[in-house]
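The structure appears right after this line, and notes come after that.
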Amino acid sequence: MVRDVLEIAPGVKMLHGVENECNIYLVEGSRRALIIDTGLGTVDLKPDVEAVTNLPYDVVATHGHADHAGGNMFFPKVYMSADAAEDADAFLDTGKILMGEGPWSVAKEYAAAHTYEKVFVDDGHCFDLGGKTVEVVSCPGHAKGCISLIDHEDRILFCGDCMVKVMDILMVTDSSLTIVEFLDSIEKLLAHSDEFDSIWTGHDMQALPVSFLSDVAECARGIVSGERMGESAKLPWVFGDDAYAPRATYGQAAIVYLPEKIR
Ligand SMILES: [Zn+2]
Numbered sequence: 010m011v012r013d014v015l016e017i018a019p020g021v022k023m024l025h026g027v028e029n030e031c032n033i034y035l036v037e038g039s040r041r042a043l044i045i046d047t048g049l050g051t052v053d054l055k056p057d058v059e060a061v062t063n064l065p066y067d068v069v070a071t072h073g074h075a076d077h078a079g080g081n082m083f084f085p086k087v088y089m090s091a092d093a094a095e096d097a098d099a100f101l102d103t104g105k106i107l108m109g110e111g112p113w114s115v116a117k118e119y120a121a122a123h124t125y126e127k128v129f130v131d132d133g134h135c136f137d138l139g140g141k142t143v144e145v146v147s148c149p150g151h152a153k154g155c156i157s158l159i160d161h162e163d164r165i166l167f168c169g170d171c172m173v174k175v176m177d178i179l180m181v182t183d184s185s186l187t188i189v190e191f192l193d194s195i196e197k198l199l200a201h202s203d204e205f206d207s208i209w210t211g212h213d214m215q216a217l218p219v220s221f222l223s224d225v226a227e228c229a230r231g232i233v234s235g236e237r238m239g240e241s242a243k244l245p246w247v248f249g250d251d252a253y254a255p256r257a258t259y260g261q262a263a264i265v266y267l268p269e270k271i272r
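Residues in the sequence shown are numbered from 10 upward in steps of one, following this note's numbering.
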């Protein structure tokens with residue numbers, strides 16, 4: 010078992026512990042389990058999953074970025090949005106910096122020998138786990154292929170990188186959309202906000218309150234209206250040594266964005 014296991018609710022676990030990898034979630038119903046995101050692909054996820062559940066399981070990727078979908082290749086079939094496929098296929102190109110040379114070449118070798126089936130899902134698709142239903146809400150923005158998942162019985166929103174607090178919300182990736190399009194997604198999630206009591210992101214080690222969603226919406230609205238443009242800030246190391254972008258903040262939320270990709 011390479012990763013730590015944290016139980017965040019009865020039958021809901023987080024697998025965590027490979028450097029630069031996202032949080033990986035496991036939701037168990039009475040008949041099936043659902044794995045949300047697969048990490049970097051530098052360390053096989055399958056044995057870690059099978060150490061914590063005896064149930065048959067499905068795998069879903071919140072989007073195609075290398076730190077979330079790199080481990081897809083360890084499974085025969087992965088659900089994702091159609092728009093996430095391109096990023097998921099490019100994981101070795103974009104993951105090299107995150108993985109480091111050694112793990113990257115190992116992942117490359119494994120990926121060359123293994124293919125997996127992509128099954129595309131969109132708004133309203135439900136994973137019926139037996140006594141638990143997890144619903145897809147598409148929320149393009151951070152990446153064009155982003156989806157969130159609502160675990161209706163546990164009242165949890167799993168949002169991938171659509172919203173994060175431990176680091177800024179990154180609207181500066183190659184597949185990021187405009188702030189206007191991102192705000193549409195956040196408002197869509199707000200319309201569902203009576204369906205969950207907590208938010209677990211792709212990188213935070215604790216639950217965020219539902220009010221975080223309102224802060225993100227207000228921050229994005231401020232960028233669009235021009236009232237909250239923010240100061241220039243250094244981007245995380247994966248974007249290079251000398252990369253800067255404006256960083257807008259509101260309440261608990263911070264969004265880094267490209268001025269040419271507001272609307
Ligand atoms: Zn991402």
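Note that the Cβ used here is the ideal one computed from N, Cα and C, for glycine as well.
One question on the structure: do residue i and residue j come within less than 8 Å of each other, judged by their Cβ atoms?
i      : j      : result
Arg40  : Gly26  : no
Glu190 : Pro149 : yes
Asn29  : Leu15  : no
Leu101 : Lys86  : no
Ala152 : Ser184 : yes
Met82  : Val69  : no
Check residue i in the structure and name its three-state DSSP category.
i      : result
Tyr119 : helix
Asp258 : According to the sequence displayed, residue 258 carries Thr and not Asp. In the structure shown, Thr258 sits in a strand (DSSP, three-state: E or B).
Lys153 : coil
Leu158 : strand
Just list the residues that DSSP pairs residue i with in beta bridges.
i      : result
Val130 : Partner(s): none; Val130 has no beta bridge.
Gly48  : Ala78
Glu16  : Lys22
Ser39  : According to DSSP, which records beta bridges pairwise, Ser39 is partnered with nothing at all.
Val87  : Lys127
Just to confirm, does residue i get its C-beta within under 7 Å of one of the non-hydrogen atoms of ligand 1?
i      : result
Asp170 : yes
His161 : no
His72  : yes
His123 : no
His212 : no
His134 : no
Could you check if residue i belongs to the surroundings of ligand 2, using beta carbon to heavy atom distance under 7 Å?
i      : result
Ala152 : You won't find ligand 2 in this model; what it holds is ligand 1.
Should residue i go down as buried or exposed, given a rule of 16 or more other Cβ atoms within 10 Å for buried?
i      : result
Lys55  : exposed
Glu236 : exposed
Trp246 : exposed
Met23  : buried
Within 8 Å of any Cβ in chain C, is that where the Cβ of residue i sits?
i      : result
Cys228 : The displayed structure is made up of one protein chain only, and chain C is not part of it.
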